[in-house]
Every structure is written in C-alpha cells, then in structure tokens.
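Worksheet: one structure, shown below.
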Amino acid sequence: MKVAIIQKDLKNLRSGVSRLVRSELEALDRAGIQSIVVSEKVNPVVHASTMARVKKTIRWPLKGFFRRAFFKFQAGLWIKNLKPDVSVGHGDIADVDICFIHNCVHLEHEVIQGKALPERNDVGKLYTQVLSASQFKTIVCNSEMMKQDLTNRFALQGKNIEVLYPGCDPDHVLSCDTNVRDNLNIEEEAFVIGLITSGNFKKRNVDFFLEFTKSLQFDHPLHIVVAGNGKRSAYTELINSHPHAVHFLPSTDCVANYYSMLDVFVLPAHIEEFGMSALEAMTCSKPVVLHKMVGASEILEGESLRFSLPSLNKDVWVSSVQDLLDDQALRNRVARQNQETSLKYTAKEQNKKFIALVQAAYQES
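The opening residue of the sequence shown carries number 3 in my numbering; numbering runs sequentially from there.
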C-alpha cells in the first residue's frame, strides 16, 4: 500500500499539525506502508526518522487565497501522478480519501470578533470549498466541538466524520536537555504557571492570562511564563503592572524544556480546536486548567474535570488556579490523574486509529 500525506506547511515542529504528520509517517513505517509527503515547505526534521519520500510544490510569491489555491492545484497533480492507494489531506485539499480539518476558522472569528468571518478570508474560502465539495471519504476532526460546528455549518449530516484526538509521543516531551528555570534564575522554591503555545497570542488569550494571574497569591516567588511565537511588546502595560515576574519565551522545537519548568499549565484560549500543548503538559504530569472551548478539555477525567472551566470569568480562573497553588496534595492528585489519562492518547494509541482509517479507506477504494 502507498499513502500520500498532503500538508502545505511543514517548516518546523513547533505546530501541532507538523508533529502530527511526523507521527503519522512513523506509524506508516511501523505498519510497513509506503509514505509520500507533498508539501510546499518541509523541514527534514519532520520526516528524517522515516522512509517517507518528499515531493515539494512551488510556492506562489504573493500571500492570499491564490497561494493556497495554487498549492491545492499542484497537490492534486501530484496525487494523479503518484497514484497513491490512499490520500490524506491536512486542511488544504478536498479531493482526498481522508481529510483532516484542524481549524474552525468561522467559529474562531465569531467567538473572538463577535461577527461572521468575511467571505474574502482566504482560509475561510478554502475551507468552504473543501467541505462543500464533499469529495472526501472521511473527515477527521480534532474534537467533538469541531465535529458539531462543521456538521451544522456545512450540512454534513450523514457524512463520515470521525473525531481523532491528536496523540502525544512521550519521548518528545519528557526528554529535556536544558534547565530553563536555572537560565531564568527562578528560585528553587518558586512556583511557575505557564501558557505554552505555538503562537497566535490573541486566540490563546494571553492578555486574560496576564490579567487574572495578577490576583494570585503565594508565600514564595511566583513566575508567569508565556511561550510561543508572539510579540511581548503588545503586553508591555500588563507586564509592567504585574506583581509577579513575567517571562516571554520564544517558540521551540524542544518543548520538553518548557514543560519541565512548569508547576501548572493553563490555556484560557477563546477557542482551541484541540490544544496539543495541554495534552503534552498532561503527559508531563502537570495539572492543567483549560477553558471548555479548548478541545483537550473533552479528555479530562476524574478530579481534573473541575479544571475545565465553563467561562472566561476572571474570578473563576483566579479561584481555580489559587486552589492548586494552595493545595499541594490536590496538585499531586490532578497531576497523577492527567498522566494516567494521557496514556490513552499517546501517539502509539492514536496512530492505531489512524492506521485503521487508512486501511478502511484502502478497502473502499
């Protein structure tokens, strides 16, 4: 069997999608299935550990809808030329067997901006084309929240829509090689609360994170960490008025170094289709506090469920995080629960489901 995976941008491992594609390629190798990557930008780190062949498309020089449409056109030509038994698309192409959708761009705009996404939005236009064409055999969503939105928005009732939560490879998040706490001169007795993400600070609600953490109290130094691709200068006023130490760190391919420094992970995102960073923190035995609009909140179990918060009410967030600050036994219980839960969503476990989808698509072809 030969499988082609199509994803426009695989330039690094800082996004959850790139890490997912790497994991899928590794799973195909283990299953003895040939793999081909079709991409506009691809970093060898994504495929170097696999037997995958790489086919690059030409990048259109101007941003916008036509760049995405041009990639979609070229990817279609590669599929016709390569003749894979199963084609897997990650968002930018409709004429595939398995179509992964990673973003609810319409819902995101409605939640954050309070109004409908403009029709001229290039990502929105492409997704509308992809989902309205119904040329796929299976759509894969990152969460039940996504499935519900896409089903209702694009009238996909009766279509084959699967929810496959992204998996986390413990080897990639537990092997840290740098002590970030030492580098930042964080005291041994200090408490560190972090929001680790690839970027898009507005979507992840960094301003709210900085605002509510002002009200937290602790007997020892408290450090607030924001990591990801974003501008620290946009939050100068909040940082300068913050009673606790605030650190902004760049995005990194070695996320293990960041998780190892945390005592608590939080993600008060307006909306997050899944939130790989939350699962990665759980894998590292960290308590996580999540907005219910974060897809990863759907997998929380036991006592950890109380830290899936129903709103972005400041007092509710302060109270929940303060409870973790004040009660070490609670932190330990929630951390253990999260680590146990994460074992159900390792890359190995989730890739079994991915391979099953591939085999089902192959049998239908």
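We put the CB at the ideal spot given by N, CA and C, even for glycine.
For residue 75 and residue 106, the gap between their C-alpha atoms comes out near 23 Å. Residue 145 is positioned such that its CB atom lies closer than 8 Å to that of residue 297. Going by C-alpha positions, residue 295 is about 13 Å away from residue 280.
Taken in chain order, the complete alpha helix (DSSP H) segments of 4 or more residues contained in the segment 138-198 are 146-155, 172-175, 182-185. Annotation: the continuous alpha helix (DSSP H) that includes residue 361 extends over 349-366.
In the three-state scheme derived from DSSP, where H, G and I count as helix and E and B as strand, residue 61 is classed as coil. In the pairwise beta carbon analysis, the segment 343-359 is classified as touching the segment 28-35: at least three pairs are separated by under 8 Å. In the DSSP assignment, residue 19 falls within the alpha helix (DSSP H) that extends over 18-32.
Beta bridge pairing from DSSP links residue 267 with 196, 290. A contact is defined here as three or more CB-CB pairs under 8 Å, and the segment 52-63 fails this definition with respect to the segment 112-129.
The Cβ atoms of residue 299 and residue 310 lie closer than 8 Å to each other.
The segment 267-284 makes contact with the segment 186-201: 3 or more CB pairs, one atom from each, lie closer than 8 Å. Nearest in C-alpha terms to residue 147, of all of 86, 93, 164, 181, is 164. Here DSSP, grouped into helix, strand and coil, assigns residue 272 to coil. If you look at residue 315, you'll find it isn't in any alpha helix (DSSP H); DSSP assigns it neither H nor E. Within the segment 80-144, the beta strand (DSSP E) runs of at least 3 residues that lie entirely inside it are, in chain order, 88-92, 100-103, 140-143. Between the segment 240-253 and the segment 68-82, the count of C-beta pairs closer than 8 Å stays below three; the two stretches do not touch. Measuring C-alpha to C-alpha distances from residue 71 to each of 132, 18, 46 identifies 132 as the nearest.
The segment 261-278 and the segment 206-223 touch, with three or more beta-carbon pairs separated by less than 8 Å. Check the Cα spacing between residue 191 and each of 263, 171, 231: the tightest is with 263.
8 Å or more divides the Cβ of residue 37 from the Cβ of residue 12. Residue nearest to residue 83 within the set 249, 4, 129, 307 is 4 (criterion: CA-CA distance).
Taking the Cβ atoms as the reference, residue 139 lies roughly 7 Å from residue 100, within the contact range of under 8 Å.
A distance of 8 Å or more separates the beta carbons of residue 143 and residue 347.
Excluding five sequence positions before and after residue 250, the CB atoms of its chain that fall closer than 7 Å to its own CB belong to 228, 234, given in chain order.
Approximately 11 Å separates the beta-carbon atoms of residue 212 and residue 218; this is outside 8 Å, ruling out the contact. The beta carbon of residue 349 sits closer than 7 Å to those of 25, 169, 170, 171, all from its chain and outside the five residues before and after it, given in chain order. Residue 215 holds the alpha-carbon nearest to the alpha-carbon of residue 315 among 215, 367, 7, 68. Taking each of 261, 161, 327 in turn and checking the Cα distance to residue 179, the smallest one comes out for 261. Partner residues in a beta bridge of residue 50, as assigned by DSSP, do not exist.
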